[in-house]
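Here the protein sequences line up with chains A and B, keeping their order.
Counting from 1, position 30 in the first sequence corresponds to residue 30 in my numbering; the numbering is continuous, with no gaps.
Counting from 1, position 218 in the second sequence corresponds to residue 218 in my numbering; the numbering is continuous, with no gaps.
Using N, Cα and C, we set each Cβ at its ideal position, and we do this for glycine too.
Taking it in order: structure first as structure tokens, then the write-up.
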Amino acid sequence: MIENRPFLNFLTHLTLIIGVALVALPVWVAFVASTHTATDFGSGTIPMWPGPHLIENYSRMLDSGLSTSGTPPVARMVLNSLIMALAIAFGKIIISILSAFAIVYFRFPLRMFAFWCIFVTLMLPVEVRIVPTFQVVAGLGLLNSYAGLSIPLIASATATFLFRQVFLTMPDELVEAARIDGAGPMKFFRDILLPLSRTNIAALFVILFIYGWNQYLWPLLITTDAQYYTIVAGIKRMADAVDGLPQWHLVMATAIMAMLPPVAVVIGMQRLFVKGLVETEK
Amino acid sequence: MKRTIFSNQLLPWLLLAPQLAITFIFFIWPAAQAVWQSFLREDAFGIRSTFVGMENYLRLMDSPEYLNSMQVTLVFAVLVTVLSMGFSLLLAVAADRTLRSARAYTTLLVWPYAVAPAVAGILWWFIFNPTIGILPFLLEQIGYDWNHISNPNEAMALVVIASAWKQISYNFLFFVAGLQAIPASLREAAAIDGAGPVKRFFTITFPLLSPTTFFLLVVNIVYAMFETFAVIDSTTEGGPAQATNIMVYKVYFDGFVGQNMGSSGAQSVILMLIVIALTVIQFRWVEKKVAY
């Protein structure tokens with residue numbers, strides 16, 4: 001702080017507190033709604049404070065779900081989301097660390113061509129090429145499968161770029177020393193490169209887990225079998241079925257459960273998350 | 001560029017194989033398909049398709065629905081970007097001022113990053129629900145009748161707010177990082193010269209923050225144009241009367257629901273060109289700071 005201005009300090013904190021409150025508002029409303037019964041909304045007055053039905057609503061959704069919407073129990077959808085998010089995070093990290101290793105530590109014909117093939121994926125968000133990608137996945141018989149949920153989202157250049165940057169900053173002497181000691185490329189990769197990239201891997205994992213968990217359009221399209229629904233895509237199916245009887249308290253309970261795991265990961269691993277985010281985007 | 005390298009010729013290809021295979025099967029091949037389909041016209045039963053050249057593109061340029069969708073996208077992207085960046089900058093400047101509690105505020109502001117756009121849409125949809133939502137209830141107290149299901153402007157406001165809300169934490173983090181990179185000595189010198197906080201912000205902080213601002217501008221436009229699909233689909237589904245039918249949503253709707261592959265393909269290609277342009281702009285800027 002450059003100079004002491006009590007009024008400005010007060011204004012600063014006031015701005016931040018209002019900001020935090022505004023940002024938290026929708027989640028608070030959803031949480032309050034998830035602790036009431038359907039009839040509490042019917043009267044027209046909106047509850048502002050949590051009601052007594054928290055455990056009842058949440059355990060009901062986890063166990064049996066909203067059968068009228070055709071969605072499975074929330075526990076099942078959370079499991080599917082978890083499998084999908086983990087498969088995407090691990091898959092992306094593995095294939096991009098290998099390809100970054102190849103691009104940085106080898107010289108071979110068509111090296112730049114391979115690099116550009118990977119680079120173009122930056123420019124093709126899944127939403128843009130959605131119809132033909134769906135046709136490819138359907139043609140491969142991957143609809144309603146965990147492979148179909150995760151593999152098409154695994155390739156992307158950002159993770160490759162991150163590892164490339166990390167490897168480029170590592171001193172050349174490491175390779176020289178490894179070679180003098182008689183280590184081959186894979187031994188060098190396993191014993192030196194991997195341990196030195198540990199924090200980058202962890203940071204990237206946080207980002208990719210959230211990316212995978214929050215996928216919406218892709219799981220919505222390629223899953224028609226309720227056993228493979230993910231929770232983020234499942235909420236929409238529930239909300240659509242809500243028209244008849246207002247089941248808002250149950251939809252909101254599901255929404256809270258859908259955001260809890262990724263939010264917990266971000267808050268718990270804040271330092272790594274910020275590091276990963278800033279590095280991946282640069 | 002590394003001086004010391006390994007000399008194998010086969011091994012690098014084995015290492016690249018998984019990523020290249022997935023890239024070709026799920027990215028390059030479908031993208032090529034989209035380009036190819038954009039030049040075809042299928043008959044009503046989807047059995048035969050004929051090559052029609054640029055006809056699908058020309059039809060799009062003539063279609064009032066498509067022109068409307070472009071306009072909606074533009075308005076939407078500008079509103080989301082301005083709202084979210086403005087709010088985030090305000091909070092970042094405030095957090096940067098409170099040296100001691102900056103970390104606590106960051107924790108309190110960072111978590112919406114982890115909320116899925118679809119969930120963000122559902123949350124705001126609930127808040128704005130005309131019959132039981134809180135905001136329509138409050139608006140009614142001051143005599144305003146909110147109904148985004150029939151009012152196009154209110155529907156747009158709803159998707160803009162939900163999309164901007166989701167992006168606040170991201171912009172906030174980058175603005176805070178940008179602010180912390182500005183040397184304190186510059187602002188101290190200006191303070192000694194008698195410049196007040198407001199003047200310091202506009203003459204020193206904001207110009208020095210312009211690289212971050214520009215980077216975020218591109219990222220936010222890309223976000224608003226492509227990643228808000230879930231927000232739209234979980235709330236307004238492009239309605240009412242096409243008022244929130246952004247281009248990404250229209251590609252999906254025409255392709256999957258309308259089964260018009262030629263038109264959907266042509267729209268995909270136009271979107272790809274926009275993404276490529278934005279990516280090139282972003283990388284040209286990044287190149288100045290980081291050498292690839």
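What are the boundary residues of the beta strand (DSSP E) that residue i is part of?
i	result
residue 49 (chain B)	49 to 51
residue 40 (chain B)	40 to 42
Residues in the same chain with beta-carbon distance under 7 angstroms from residue i, minus the five sequence neighbours each way, listed in chain order, please.
i	result
residue 292 (chain B)	For residue 292 (chain B), the pLDDT reaches just 35, beneath the cut-off of 50, and the residue's location in the model is therefore unreliable, although a value from the coordinates is still provided. Within the same chain, residue 292 (chain B) has no close Cβ partners at all.
residue 265 (chain A)	206, 209, 210
residue 278 (chain A)	none
residue 226 (chain A)	70, 71, 72
residue 290 (chain B)	At residue 290 (chain B) the pLDDT is 41, less than 50, meaning the model places this residue with poor confidence and gives no usable figure here.
residue 65 (chain A)	71, 72, 73, 74
residue 212 (chain B)	174, 175, 178
Return the bridge partner residues of residue i from the DSSP annotation.
i	result
residue 6 (chain B)	A:106
residue 237 (chain A)	Paired residue(s): none; residue 237 (chain A) is not in a bridge.
Along the chain, where does the alpha helix (DSSP H) that runs through residue i open and close?
i	result
residue 198 (chain A)	198 to 213
residue 166 (chain A)	157 to 168
residue 188 (chain B)	184 to 192
residue 128 (chain B)	Element bounds for residue 128 (chain B): n/a, residue is neither H nor E.
residue 13 (chain A)	6 to 33
residue 56 (chain A)	54 to 63
residue 257 (chain B)	First-last for residue 257 (chain B): undefined, no H or E at that position.
residue 101 (chain B)	Looking at the DSSP string, residue 101 (chain B) is not in any alpha helix (DSSP H), and its letter there is neither H nor E.
residue 75 (chain B)	64 to 97
residue 200 (chain B)	197 to 200
residue 190 (chain A)	Per DSSP, residue 190 (chain A) belongs to no alpha helix (DSSP H) and is neither H nor E.
residue 154 (chain A)	Careful: residue 154 (chain A) lies outside any alpha helix (DSSP H) and carries neither H nor E.
residue 159 (chain B)	152 to 180
residue 220 (chain B)	210 to 222
residue 268 (chain A)	248 to 268
residue 234 (chain B)	229 to 234
residue 302 (chain B)	The structure shown does not extend to residue 302 (chain B), since chain B is modelled only from 1 through 292, so no value can be given for it.
residue 112 (chain A)	111 to 119
Spatial neighbours of residue i within its chain, please: C-beta separation below 6 angstroms, excluding the five flanking residues on both sides.
i	result
residue 262 (chain A)	210, 213
residue 188 (chain A)	178
residue 272 (chain A)	202, 203, 206
residue 295 (chain B)	Since the first and last residues shown for chain B are 1 and 292, residue 295 (chain B) lies out of range.
residue 60 (chain A)	none
residue 20 (chain B)	none
residue 150 (chain B)	240
residue 58 (chain A)	253
residue 125 (chain B)	235
residue 60 (chain B)	66, 266
Going by beta carbon distance, what residues of the same chain come within less than 8 angstroms of residue i, once the five residues before and after it are set aside?
i	result
residue 229 (chain A)	71, 72, 76, 77, 80, 219, 223, 237
residue 133 (chain A)	126, 152
residue 231 (chain B)	117, 118, 120, 121, 159, 162, 163, 166
residue 292 (chain A)	As displayed, chain A neither begins before 1 nor continues past 282, which places residue 292 (chain A) out of reach and without an answer.
Hey, does residue i have any beta-carbon neighbour from chain E nearer than 8 angstroms?
i	result
residue 57 (chain B)	Looking for chain E here will not work: the only protein chains present are A and B.
Meets three-Cβ-pair contact criterion under 8 angstroms: the region 204 to 221 of chain A and the region 31 to 42 of chain A: no
Stretch pair the region 104 to 118 of chain B + the region 255 to 273 of chain A: three plus CB contacts closer than 8 angstroms: yes
Touching by the beta-carbon criterion (3+ pairs, under 8 angstroms), the region 30 to 41 of chain B and the region 266 to 280 of chain B: yes
Cβ pair count under 8 angstroms reaching 3, the region 137 to 154 of chain A against the region 82 to 94 of chain A: yes
Contact residues within the region 112 to 125 of chain A, judged by C-beta distance below 8 angstroms to chain B: 114, 117, 118, 120, 121, 122, 123, 124, 125
Contact set between the region 203 to 222 of chain A and chain B, restricted to residues whose Cβ is under 9 angstroms from the partner: 210, 213, 214, 215, 216, 217, 220, 221
The region 128 to 139 of chain B contacting the region 8 to 16 of chain B, beta-carbon criterion three pairs below 8 angstroms: no
Given 8 angstroms, three or more beta-carbon pairs between the region 219 to 233 of chain B and the region 28 to 35 of chain A: no
Segment contact, 8 angstroms Cβ cut-off, at least three pairs: the region 239 to 247 of chain B with the region 124 to 131 of chain B: no
Segment contact, 8 angstroms Cβ cut-off, at least three pairs: the region 152 to 166 of chain A with the region 91 to 99 of chain A: yes
Given 8 angstroms, three or more beta-carbon pairs between the region 85 to 102 of chain B and the region 10 to 20 of chain A: yes
Segment contact flag, the region 181 to 198 of chain B with the region 106 to 113 of chain B, C-beta cutoff 8 angstroms, min 3 pairs: no
Positions along the region 224 to 243 of chain B whose CB lies within less than 8 angstroms of some CB in chain A: 226, 227, 229, 230, 233, 234
Inter-stretch contact (C-beta, 8 angstroms, three-pair minimum) for the region 139 to 146 of chain B and the region 48 to 62 of chain A: no
Contact set between the region 107 to 119 of chain B and chain A, restricted to residues whose Cβ is under 7 angstroms from the partner: 107, 108, 109, 110, 111, 112, 113, 114, 115, 116, 117, 118, 119
The region 244 to 257 of chain B contacting the region 59 to 79 of chain B, beta-carbon criterion three pairs below 8 angstroms: yes
Sufficient close CB pairs (3 or more, under 8 angstroms) joining the region 182 to 197 of chain A to the region 111 to 123 of chain A: no
Residues of the region 90 to 101 of chain A with Cβ closer than 8 angstroms to any Cβ of chain B, in chain order: 94, 95, 96, 98, 99, 101
Inter-stretch contact (C-beta, 8 angstroms, three-pair minimum) for the region 254 to 263 of chain B and the region 51 to 62 of chain B: yes
Chain B contacts from the region 10 to 24 of chain A (Cβ-Cβ distance under 7 angstroms): 12, 13, 15, 16, 19, 20, 23
Members of the region 120 to 148 of chain B near chain A, C-beta cut-off 7 angstroms: 122, 123, 124, 126, 127, 132, 134, 137
Proximal residues, the region 261 to 276 of chain B versus chain A, C-beta separation under 8 angstroms: 261, 264, 265, 268, 271, 272, 275, 276
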